[in-house]
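Below is one structure, written out as structure tokens; comments come after it.
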Amino acid sequence: MPAGTLILTGGLTEAVAVQPGDHVALHAQGMGCTSLTFV
12 MPAGTLILTG GLTEAVAVQP GDHVALHAQG MGCTSLTFV
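In the numbering used here, the protein residues as written are 12 to 50.
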């Protein structure tokens, strides 16, 4: 396996590349919300 290979242990969506400044928010009904901004 080459260095830098992305390994996912399980996910509901495909892996998406992010850039500094990108903002991601999660809203889970009955559980609340969270968000993050990549630096």
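The C-beta atom is built at its ideal place from N, Cα and C for all residues, glycine as well. Predicted, not measured: the structure shown is a model, and the values here were computed from it.
Contact belief for residue i with residue j at Cβ below 8 Å, rounded distance in angstroms
i	j	result
T48	H34	5 Å
Sequence-distant residues of the same chain with beta carbon closer than 6 Å to residue i, five excluded per side
i	result
A36	S46
Cβ shell of residue i (< 7 Å), same chain only, five flanking positions each side left out
i	result
A14	none
Own chain, CB closer than 8 Å to residue i, minus 5 neighbours either side, in chain order
i	result
T20	none
Local conformation of residue i per DSSP, three classes
i	result
L23	coil
L47	strand
L17	coil
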